[in-house]
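Taking it in order: structure first as structure tokens, then the write-up.
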Amino acid sequence: MTSLLKILENEQATVALGQQIAQWIVPPLTLYLTGDLGAGKTTFSRGVIQSLGHQGAVKSPTYTLVEPYEFNDMDVYHFDLYRLADPEELEYMGIRDYFTDRSVCLVEWPDNGHGLLPEADIHLHLRYNESQRQIELQALSPAGQAILDNIK
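Residue 868 in our numbering sits at position 83 of the sequence shown, and the numbers go up by one each step.
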């Protein structure tokens with residue numbers, strides 16, 4: 786599997802990358818988003834979710850852990866595990882029920898759910914690069930590789 790490195794000049798470029806990836810999404814798909822606070826994980830997720838058809842705001846599910854978005858042909862779940870104290874909490878919320886054949890799951894801070902989450906198809910690492918952001922997209926499955934091949 787390969788990886789792709791991109792420079793994101795501003796918030797609009799981060800949203801645009803999410804929109805570009807959304808064009809190629811076919812469920813089931815799991816994306817892990819890692820990076821420091823403020824690196825652009827939720828901004829990227831907003832680009833994906835709005836491009837798939839959501840009309841309203843996309844907020845970080847920091848306190849709710851998950852925000853669901855239902856579409857005709859797929860369910861999108863946006864997770865933010867930043868405040869997760871123990872991965873076992875995911876068992877109580879029925880984490881396995883979210884990862885179905887019609888699900889697209891965007892998981893921020895996936896390391897906090899280690900051992901209870903399925904493997905990612907794409908792992909996105911966001912980093913600060915002076916006033917810009919740098920994103921590394923790493924394909925971890927054939928589905929993830931197909932998306933990377935389409936956005937190069």
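Every residue, glycine too, gets a C-beta built ideally from N, C-alpha and C.
| Item | Value |
| --- | --- |
| Among E876, Y883, M878, G803, which one has its Cα closest to the Cα of D860? | Y883 |
| Hey, out of K937, T847, L814, E852, whose CA is closest to D886's CA? | L814 |
| Please report the distance separating the alpha-carbon of T827 from that of V811. | 20 angstroms |
| Apart from the five residues on each side of it in sequence, which residues of its chain come closer than 8 angstroms, Cβ to Cβ, to A801? | G832 |
| What residue range does the beta strand (DSSP E) around Q917 cover? | 917 to 924 |
| Go through its chain and collect everything with a Cβ distance to I792's Cβ below 7 angstroms, but skip five positions before and after it. | N914, Q917, Q919 |
| Determine the extent of the alpha helix (DSSP H) in which R831 is found, giving its start and end residues. | 826 to 836 |
| Let me know the beta strand (DSSP E) ranges lying completely inside the segment 833 to 880, each 3 residues or longer, listed in chain order. | 851 to 855, 860 to 865 |
| Using 8 angstroms as the threshold, is the segment 874 to 883 in touch with the segment 836 to 848, meaning 3 or more CB pairs across them? | no |
| Give the straight-line distance between the Cα atoms of N795 and K844, rounded to the nearest whole angstrom. | 19 angstroms |
| For D865, count the other beta carbons within 10 Å of its own beta carbon; 16 or more makes it buried, fewer makes it exposed. Which is it? | buried |
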